[in-house]
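Residues in the sequence shown are numbered consecutively from 1, following full-length UniProt numbering. We treat Cβ as the ideally placed atom computed from N, Cα and C, and that holds for glycine. In this text, all values refer to a predicted model and were calculated from it rather than measured experimentally. Please read the structure below before turning to the comments.
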Amino acid sequence: MRPRLRDRFDATSLALADIFYTWDVLGVYEDENNRPDDDEEYDDLVNPMRVWLSSGMTSEELSRSLTEKLRRDYGLSPESLLSALDFTSRVHSWWHSPRRP
Numbered sequence: 001m002r003p004r005l006r007d008r009f010d011a012t013s014l015a016l017a018d019i020f021y022t023w024d025v026l027g028v029y030e031d032e033n034n035r036p037d038d039d040e041e042y043d044d045l046v047n048p049m050r051v052w053l054s055s056g057m058t059s060e061e062l063s064r065s066l067t068e069k070l071r072r073d074y075g076l077s078p079e080s081l082l083s084a085l086d087f088t089s090r091v092h093s094w095w096h097s098p099r100r101p
């Protein structure tokens with residue numbers, strides 16, 4: 001069994017992974033009867049997002065970076081990512097809130 005990325009995640013990374021899970025841009029968790037066996041579909045996006053957030057990117061910059069990564073690594077076109085700015089705005093607010101682990 002290969003080691004999972006999330007096995008090395010701290011509390012903040014796990015919380016961010018949960019946010020990606022609820023966004024589910026690929027729709028892999030929509031069907032309760034046809035879900036992947038794992039919950040790590042978007043874990044490869046957590047570390048880049050943390051780097052971007054730590055560098056002080058705005059929501060708009062996060063959206064551009066995430067859209068490019070999803071296009072390059074997941075093959076998604078910009079048209080399919082209309083919710084990216086809403087998502088990155090939510091992540092940006094969470095990152096800067098006192099509720100973040």
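Look at the alpha carbon of V51 and the alpha carbon of W95, and state the distance between them as a whole number of angstroms. 12 Å
Consult DSSP for V28 and reduce its assignment to one of helix, strand or coil. coil
Within 10 angstroms of the Cβ of D43, are there 16 or more other Cβ atoms? Answer buried if so, exposed if not. buried
Assuming E40 contacts R4 under a Cβ cut-off of 8 Å, what Cβ separation, rounded to an integer in Å, is found between them? 6 Å
Sequence-distant residues of its chain with Cβ nearer than 8 Å to R100 (five each side left out): T12, A15 and W94
For a test of the three-state rule: what should DSSP assign to S93, helix, strand or coil? helix
Please state whether the Cβ-Cβ distance between H92 and S55 is less than 9 Å. no
Can you have a look at S63 and say buried or exposed, based on whether 16 or more other CB atoms are within 10 angstroms of its CB? buried
For L85, does the three-state DSSP call read helix, strand or coil? helix
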